[in-house]
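Position one of the sequence shown corresponds to residue 688 (this note's numbering), numbered consecutively onward.
Just so you know, even glycine gets a beta-carbon here, dropped at the ideal spot from N, CA and C.
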Amino acid sequence: MLRIYALLLACISATSNIVLQIDGLDDEWPSVPHVDAVSGEMTSHHIVMKTAQGEKKCFDGFGCFEVGNNFTHPLGLPSSPDYIGASTWLYSRGRYGTNPKEIDFRTVSSLEDMRELQTNKPLFILIHGYRRSRKHIWISETIIALLAKVDCNIITVDWGKTHSFFYPWTAAYDTALVGKLLALLVHSLINRFPKAISASSIHVIGQSFGAHVASFFAKHFKNDTGRLVGRITGLDPAAPYFEGHNVHLSTTDAEFVDVIHTSAGKNHYSLRNGDLGFRIPIGHVDFYPNGGTRVQPGCDYKIRPCSHSMAYRFFLASINRSELYQSYVCNEGFEAALQKRCNNFGGHGRMGFYSRDATGRGVQYLTATVPPEIEKRFNK
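Take a look at the structure:
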């Protein structure tokens, strides 16, 4: 069966503009049988469907996606909107606190009774990562904390329904379309409720692949409106399928980009080992708590993805405790931060919710743990 599958893939490659790329960077993907698409032999590499430069897909209402530009993943094209089935939800204090309202960019013009959008408030956008949903505990707990702290509106996007354990690269490719969907929604809301939302008041918080959804959202939003969003927080942005390529979260995406690294590989990312996050600094300020690598305090070495999840725990803890997580500039650079050999002098930063208010920028190092009251919420 595996040999037949490989031959079919080889036929696809021979009869179309799709190139089958054996991506050696991810040769440690766990517990999945892999096939060399040319020889049909089992290999330690997985098969990535790499779309040829210049190939594009167009979708009604969303426009076109073309490999080779900054609005599309550099290796492949997204699935259709209907297949992804993403949905967007509005939360606010009051009636949409526990019962969010589903909203869609195609129906925003018909929204009438929306007192939540009649006055200017900060807008937070929360974006989950691979194989998660808007109901994941980090999303729900962050919504509760933000609404208690700030009179704001919050949008979440649910885009994980079709994610497959066996084909993670398809989720990476889909980040471009989900980002476009969010840009269309926010642009529509600004047009419909111009007094409610300003670009500078938008704070996008994305975890793992969600950090790159945030990047695509910001790119599309700037292209559509000519404006930068105020802030993007990347919670351990995913390295697989993004690090080493020219399209990912970066300082050009927002007025302020802060990044928390918690599962960076010391040399490169490793899916088998759980080294899933970006190594290199990509924000205006990049925090490397405890070196930014596995194993983060509170994680069991055997539970490999645990450190990847610590970034959103740190961020959640910081919302109500501004004194937490003071950091120091690491003048020696991110390699020194990964090895925990920074000289902790000056350039103080503040990892998490209040990082924009602190003066520290660049590569920042700190030791950090998650407070027990926060950890309990994730261990119910």
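I'd like the span of the alpha helix (DSSP H) that includes residue i, first residue to last.
i, result
"arginine 1064", "1059–1064"
"histidine 899", "896–912"
Apply the 10 Å Cβ neighbour rule to residue i and answer buried if 16 or more other Cβ atoms are within range, or exposed otherwise.
i, result
"proline 924", "buried"
"proline 984", "exposed"
"alanine 835", "exposed"
"glutamate 1060", "exposed"
"aspartate 1044", "exposed"
"arginine 793", "exposed"
"asparagine 1018", "exposed"
"histidine 823", "buried"
"serine 1009", "exposed"
"tyrosine 999", "buried"
"arginine 981", "buried"
"lysine 906", "buried"
"isoleucine 990", "exposed"
"threonine 759", "buried"
"serine 726", "Here serine 726 scores only 25 on pLDDT, less than 50, and its place in the model is too uncertain to base an answer on."
"aspartate 838", "exposed"
"threonine 785", "exposed"
"lysine 848", "exposed"
"cysteine 751", "exposed"
"aspartate 987", "exposed"
"tyrosine 770", "exposed"
Can you name the start and end residues of the beta strand (DSSP E) that residue i belongs to?
i, result
"arginine 918", "916–922"
"leucine 762", "Neither: leucine 762 is in no beta strand (DSSP E) and is coded neither H nor E."
"tyrosine 999", "Here tyrosine 999 belongs to no beta strand (DSSP E); instead the alpha helix (DSSP H) covers 993–1006."
"phenylalanine 811", "810–814"
"phenylalanine 792", "First-last for phenylalanine 792: undefined, no H or E at that position."
"glutamate 930", "No beta strand (DSSP E) holds glutamate 930; DSSP gives it neither H nor E."
"aspartate 945", "941–947"
"lysine 744", "743–746"
Please name the residue, chosen from the options, that lies closest to residue i on a Cα-to-Cα basis.
i, options, result
"phenylalanine 1021", "Leu1003, Cys993, Val946 and Thr920", "Val946"
"leucine 1025", "Thr1054, His935 and Gly847", "Thr1054"
"arginine 1048", "Phe1040, Gly1036, Leu915 and Lys867", "Gly1036"
"valine 972", "Ile990, Trp856, Gly921 and Tyr783", "Gly921"
"serine 888", "Leu1003, Arg914, Pro992 and Ala773", "Arg914"
"phenylalanine 1001", "Gly952, Ile990, Ser1042 and Ser774", "Ser1042"
"alanine 926", "Glu1062, Ile967 and Asp911", "Ile967"
"arginine 919", "Thr912, Asn910, Phe929 and Val944", "Correcting the residue identity first, residue 919 is isoleucine in this sequence and not arginine. The shortest C-alpha separation from isoleucine 919 is found at Val944."
"histidine 890", "Ile841, Val934, Arg818 and Ser950", "Ile841"
"glycine 748", "Pro855, Tyr770, Leu871 and Trp856", "Leu871"
"glutamate 789", "Ser774, Leu798, Arg780 and Asn1007", "Ser774"
"leucine 1079", "Thr949, Ser1014, Phe965 and Asn910", "With the chain running from 688 to 1067 in the structure shown, residue 1079 is simply not present."
"glycine 978", "Thr949, Ile1006, Asp987 and Met997", "Thr949"
"tyrosine 928", "Ala941, Phe896, Leu777 and Thr939", "Phe896"
"tryptophan 825", "Val1050, Met997 and Gly1034", "Met997"
"leucine 798", "Leu869, Ser875, Arg821 and Glu828", "Ser875"
"arginine 1028", "Gly1034, Glu828, Phe1040 and Gln1051", "Gln1051"
Under the three-state reduction of DSSP, which class applies to residue i: helix, strand or coil?
i, result
"alanine 925", "strand"
"lysine 867", "helix"
"lysine 836", "helix"
"glutamate 753", "strand"
"valine 891", "strand"
"alanine 1024", "helix"
"tyrosine 975", "strand"
"leucine 963", "coil"
"valine 844", "strand"
"leucine 804", "helix"
"serine 1009", "coil"
"serine 1042", "helix"
"alanine 1055", "coil"
"tyrosine 1125", "There is simply no residue 1125 to check, as the chain begins at 688 and stops at 1067 in what is shown."
"leucine 777", "strand"
"alanine 883", "coil"
"valine 873", "helix"
"tyrosine 1015", "strand"
"threonine 849", "coil"
"threonine 785", "coil"
Touch check for the region 802–822 and the region 877–884: three-plus C-beta pairs under 8 Å?
Yes: at least three Cβ pairs fall under 8 Å.
Given 8 Å, three or more beta-carbon pairs between the region 764–780 and the region 740–751:
Because the criterion of three Cβ pairs below 8 Å is met, the region 764–780 and the region 740–751 touch.
Taking three-plus beta-carbon pairs below 8 Å as touching, is the region 859–867 in contact with the region 886–901?
Because the criterion of three Cβ pairs below 8 Å is met, the region 859–867 and the region 886–901 touch.
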